[in-house]
Amino acid sequence: MIKNFFLVFFLFLGLNSFAQNVDFGIQAGYTNVEVEANAEGGTQVSEDGSGFYVGFLADYQFTENWHLQPSLNYFNAEETDFLSIPVLVQYYIENSGFYLQAGPQATIVLEDVPTTNEFGLDAAFGIGYHITENFFIEARYGIELTNRYTDESIEFAEQYDTDIKSGVNTLMVGVGYKF
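Shown next as structure tokens:
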């Protein structure tokens, strides 16, 4: 864990040397979490939950139009705590204030949920708008790419000759401020 922390720290330190400008900020808003489980044969279970998120961000500006924005967000939905770590490439549409964003996002369940892996990898994408130079609004959707079921639940599924896939999809709509 400490090795990973130092790896991430030096990665961001290296990015800082290539970026023309680096801003830091905060963000918060509404989140909706959809947990899906699909079994072979068409059986599907889906549950939604909503809550809030808060987080910190760094914005690395490489050119006028291209930015890289890693962030760390805590979110809660239906009494379950999560940590979201997106690293999004942003493309600013010239003279409009709008930007498009996409990239990988790690989602970590902070509680012990039986038969579920804590870590998941998502593909995130969204849109945002800068109201002022520092104040922005954005919406982002993350689609789970990994299977959340643990080995124990896969062994259970194999007993009944079925394949189970599970994932956590997230929608985040919020506001932010860059210092």
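The sequence shown lines up with residues -19 to -1, 1 to 160 when you count with mature numbering (1 follows the signal peptide of the UniProt record, and there is no 0).
Glycine included, C-beta positions come from ideal geometry on N, C-alpha and C.
Span separating the alpha-carbon of residue i from that of residue j
i      : j      : result
Tyr73  : Phe5   : 18 Å
Lys146 : Glu28  : 14 Å
Asp103 : Val70  : 14 Å
Gly78  : Gly107 : 14 Å
Tyr80  : Gly109 : 5 Å
Gly155 : Glu119 : 6 Å
His48  : Phe160 : 16 Å
Asn54  : Glu17  : 22 Å
Ser65  : Asp93  : 16 Å
Leu91  : Leu126 : 19 Å
For residue i, the residue or residues it bridges with in DSSP
i      : result
Ser65  : Asn54 and Thr88
Asn13  : Ser31 and Leu152
Arg121 : Gly107 and Met153
Asn115 : Note: Asn115 sits in no beta bridge, so no partner.
Asn2   : Gln42
Phe100 : Ile89
Leu49  : Tyr41 and Val70
Gly36  : Gln8 and Asn54
Ser77  : BP columns for Ser77 are empty, so no partner.
Same chain, Cβ closer than 6 Å to residue i, neighbours up to 5 away in sequence not counted
i      : result
Ala39  : Phe5 and Pro51
Phe33  : none
Ile135 : For Ile135, the predicted model reports a pLDDT of 49, less than 50, meaning its position is unreliable; a value from the coordinates is still stated below. Excluding residues within five positions, none has a Cβ falling inside 6 Å.
Gly157 : Gly6, Gln8 and Phe117
Residues near residue i by beta carbon distance below 7 Å, same chain, minus five either side
i    : result
Gln1 : Gln42 and Phe43
Practice prompt. Would you check if the segment 149 to 156 and the segment 7 to 16 touch, i.e. whether three or more CB-CB distances between them fall below 8 Å?
Written response: yes
Worksheet entry | Cβ contact (3+ pairs, closer than 8 Å) linking the segment 108 to 115 and the segment 89 to 99 | no
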